[in-house]
Amino acid sequence: MTWALDQVGGQAEIGSFGVDTQQIAAFARSTNDTVPSHVEGMLAPPVFAVVPALDVIGRARRAVFDGFAFHGEHDLILHRAIEPDMTVLMEARVIGIQRRSIGTVVVTHAIMKDQRENLIAEHFQYSLAKGAFAAEDCGRMAPAHGGVGAKHRFTTTLVYPLDPDQTLRFAEASGDRSPYTFDADAAKALGLPGPIVHGICTMAFVSRALVDLCCGGDSRRLRRLAMRFSGLLLMEPGQTISVRLGPAGSTLQAKNYMFEAVDRAGARIISNGWAEVAA
Numbered sequence: 000m001t002w003a004l005d006q007v008g009g010q011a012e013i014g015s016f017g018v019d020t021q022q023i024a025a026f027a028r029s030t031n032d033t034v035p036s037h038v039e040g041m042l043a044p045p046v047f048a049v050v051p052a053l054d055v056i057g058r059a060r061r062a063v064f065d066g067f068a069f070h071g072e073h074d075l076i077l078h079r080a081i082e083p084d085m086t087v088l089m090e091a092r093v094i095g096i097q098r099r100s101i102g103t104v105v106v107t108h109a110i111m112k113d114q115r116e117n118l119i120a121e122h123f124q125y126s127l128a129k130g131a132f133a134a135e136d137c138g139r140m141a142p143a144h145g146g147v148g149a150k151h152r153f154t155t156t157l158v159y160p161l162d163p164d165q166t167l168r169f170a171e172a173s174g175d176r177s178p179y180t181f182d183a184d185a186a187k188a189l190g191l192p193g194p195i196v197h198g199i200c201t202m203a204f205v206s207r208a209l210v211d212l213c214c215g216g217d218s219r220r221l222r223r224l225a226m227r228f229s230g231l232l233l234m235e236p237g238q239t240i241s242v243r244l245g246p247a248g249s250t251l252q253a254k255n256y257m258f259e260a261v262d263r264a265g266a267r268i269i270s271n272g273w274a275e276v277a278a
């Protein structure tokens, strides 16, 4: 495991991704989405925006740290929806490194545009290199949002059951085929008690709650989705995701919501949740 701190804020990794109806529909089905335009592949669910960016974000992070890192936090800022036949152009770079007591956080920023240079989405991803310590802190962190350190007042809870093959379906549809999400031996080799659900899959279930309850079923209204992956969601029989959310003020442009998610035992798996919905 090596660090290349001189690459922080340096040259971006670039990539392109062609979107089709089948990809969108497969992703929607892999998260049990029920919005007709998503299931039919005519409009991508909000968290589908992670799929095109997975490769460039991974390459950018590995250019700075080539060891294993857990997905710790994600802040997704949405400017427009992804649709079939769109070609997504991406660039990603690590913008910051911060040492913590248990390891080092690597912050990667990715920008997604269409072929006319119109902004589609931005990602700020925090990866935790557990037990690996960089020589120093450098760069900057992601922009702050209202979900960090604020008092929670959740008014609604939605419960989503997970299917036995949920992680396998999501791995295929998303392209994130991390073996520790479906292979017990691979999970235990990393010190995990068993296979865990992808953070992005959990994020997609949270977005379903927001689209249904806060966006009137119109996913294009969801403009920001930020959260911390604060606990492991084990892929085991009878597992559920319970999303708790409540209002957190508004502006002329958006209504804000705070949220968290817990597993079937009530253990918190998502914290510091923040969403912005177009008014």
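Numbered by numbering that gives the first Met the number 0, the letters in the sequence shown go through residues 0 to 278 in order.
Heads up, the beta-carbon is just placed ideally off N, CA and C, and yes, glycines get one too.
Handout entry: Residue span of the beta strand (DSSP E) that contains isoleucine 76, given as start and end
Key = 69-77
Handout entry: Beta carbon of glycine 46 nearer than 7 Å to that of alanine 3
Key = Checking the displayed sequence, the identity of residue 46 turns out to be valine instead of glycine. For valine 46 and alanine 3, no; Cβs fall outside 7 Å.
Exercise for the section: May I have the straight-line CA-CA distance separating valine 34 from methionine 0, to the nearest angstrom? Expected result: 43 Å
Practice task
Under the assumption that arginine 267 contacts serine 229 (Cβ atoms under 8 Å), give the Cβ distance between them as a whole number of angstroms.
Solution key: 6 Å
Handout entry: Cβ-based neighbour list, glutamate 12, same chain, cut-off 6 Å, excluding 5 preceding and 5 following
Key = Val55, Arg58, Ala59 and Ala91
Handout entry: Own chain, CB closer than 7 Å to glycine 8, minus 5 neighbours either side, in chain order
Key = Arg92, Ile94 and Gly138
Practice task
Select from Ile96, Gln21, Gly102 and Met89 the residue whose C-alpha is nearest the C-alpha of glutamine 6.
Solution key: Ile96
Practice task
Could you check the C-alpha separation between glycine 245 and glycine 148 for me, to the nearest Å?
Solution key: 15 Å
Problem - Separation of leucine 189 from isoleucine 195, as counted between CA atoms - result: 11 Å
Practice task
Apply the 10 Å Cβ neighbour rule to serine 15 and answer buried if 16 or more other Cβ atoms are within range, or exposed otherwise.
Solution key: exposed
Exercise for the section: For phenylalanine 169, count neighbouring Cβ atoms within 10 angstroms of its own Cβ and tell me buried if that reaches 16, exposed if not. Expected result: buried
Problem - Spatial distance of methionine 202 from glutamine 165 (CA atoms) - result: 14 Å
Practice task
Measure the Cβ-Cβ separation of proline 44 and alanine 24 and say whether it is below 7 Å.
Solution key: no
Handout entry: Neighbourhood of isoleucine 101 by C-beta distance below 8 Å, restricted to the same chain and skipping five residues each side
Key = Leu127, Lys129 and Gly130
Problem - Endpoints, alpha helix (DSSP H) assigned at glycine 102 - result: It is not in any alpha helix (DSSP H) - glycine 102 instead sits in the beta strand (DSSP E) that spans 102-112.
Handout entry: Whole runs of the alpha helix (DSSP H) within the region 105-189, excluding any shorter than 4 residues
Key = 165-173 and 183-188
Problem - Selection from Ser173, Ala143 and Lys150 that minimises the alpha carbon distance to serine 29 - result: Ser173
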